[in-house]
Amino acid sequence: MRKLEVVGVRIELPSNQPLVLLKEAEGPRHLPIWIGAPEASAIAMSQQGIQPPRPMTHDLLASVIKALGRPLLEARLVSVRETVFYAQLAFEGGIEVDARASDAVALALRVGCPLLCADEVLDDAGVLVSEDGGSSEGEEAELREFREFLAEVEPEDFDK
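Going by full-length UniProt numbering, the letters in the sequence shown line up with residues 1 to 160, in that order.
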């Protein structure tokens with residue numbers, strides 16, 4: 001398992017489909033996961049430290065976890081099948097609960113636990129981003145366009 005960092009939430013154009021972009025903590029691979037608008041909003045709000053006046057679903061779940069006294073130790077992306085990502089929440093005492101990848105990311109951000117990813121998932125769905133500038137001209141243009149896109153999208157873009 002490899003530790004991941006949440007780069008951010010973005011909108012893919014022209015489909016206007018939200019995605020969460022993850023990155024290997026100690027590696028060059030990125031992992032884009034297409035998600036729903038509510039999940040994208042929940043992740044973006046957590047990343048920006050926005051506290052809603054009333055708890056959203058992921059805030060409520062984080063509060064329930066804390067109240068029950070069984071800490072969430074890890075959120076894990078365990079497999080990908082036909083572009084669908086599968087996750088598990090690993091609790092103290094060896095308890096594991098299946099989860100959607102977007103929910104696992106949102107919850108990991110809220111409780112501050114590590115977000116881990118199986119090597120096979122990164123091998124199958126990871127995107128290698130060269131840090132040494134050794135990519136081709138076409139790859140560089142595509143990467144530049146993707147980075148520009150990521151820089152321009154705001155959480156408000158997820159409102160319908």
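Even for Gly, the Cβ is constructed at its ideal location relative to N, Cα and C.
Whole-angstrom distance between residue j and residue i, CA atom to CA atom
i           : j      : result
PRO71       : ASP124 : 30 Å
GLU96       : ALA90  : 5 Å
residue 165 : LEU73  : The shown model of the chain, from 1 to 160, leaves out residue 165, and the question about it has no answer.
GLU26       : ALA42  : 26 Å
LYS66       : GLN47  : 20 Å
THR83       : LEU21  : 15 Å
ALA37       : PRO114 : 23 Å
ILE33       : PRO55  : 25 Å
LEU13       : ASP119 : 28 Å
THR57       : ILE11  : 22 Å
PRO18       : GLY8   : 11 Å
ALA62       : GLY69  : 11 Å
SER79       : ASP59  : 25 Å
SER15       : PRO52  : 28 Å
ILE50       : PHE85  : 26 Å
ARG81       : VAL64  : 30 Å
Sequence-distant residues of the same chain with beta carbon closer than 6 Å to residue i, five excluded per side
i      : result
SER102 : ILE35 and GLU39
Neighbour flag for residue i against chain B, beta carbons, 8 Å
i      : result
CYS117 : Going by chain labels, chain B is absent from the structure shown, which holds only one protein chain.
Residues that DSSP places opposite residue i in a beta bridge
i      : result
SER79  : TYR86
GLY8   : LEU21
PRO32  : LEU21
LEU122 : Bridge partners of LEU122: none, in fact.
CYS117 : ARG2 and LEU77
GLU100 : Looking at the sequence shown, residue 100 is not Glu but Arg. Its beta-bridge partners are TYR86.
Other residues of its chain near residue i: CB distance less than 7 Å, five sequence neighbours each side excluded
i      : result
LEU122 : ARG2, GLU24, ARG29 and LEU31
LEU128 : PRO28 and ARG29
ALA99  : ALA87, GLN88 and LEU89
Contact belief for residue i with residue j at Cβ below 8 Å, rounded distance in angstroms
i      : j     : result
ALA75  : ALA44 : At roughly 17 Å, the Cβ-Cβ gap does not stay under 8 Å, so ALA75 and ALA44 are not in contact.
VAL105 : VAL6  : 6 Å
Nonlocal neighbours in the same chain, by C-beta distance under 8 Å from residue i, ignoring five residues either side
i    : result
LEU4 : LEU22, LYS23, GLU24, ALA25, LEU31, LEU77, LEU115, LEU116 and CYS117
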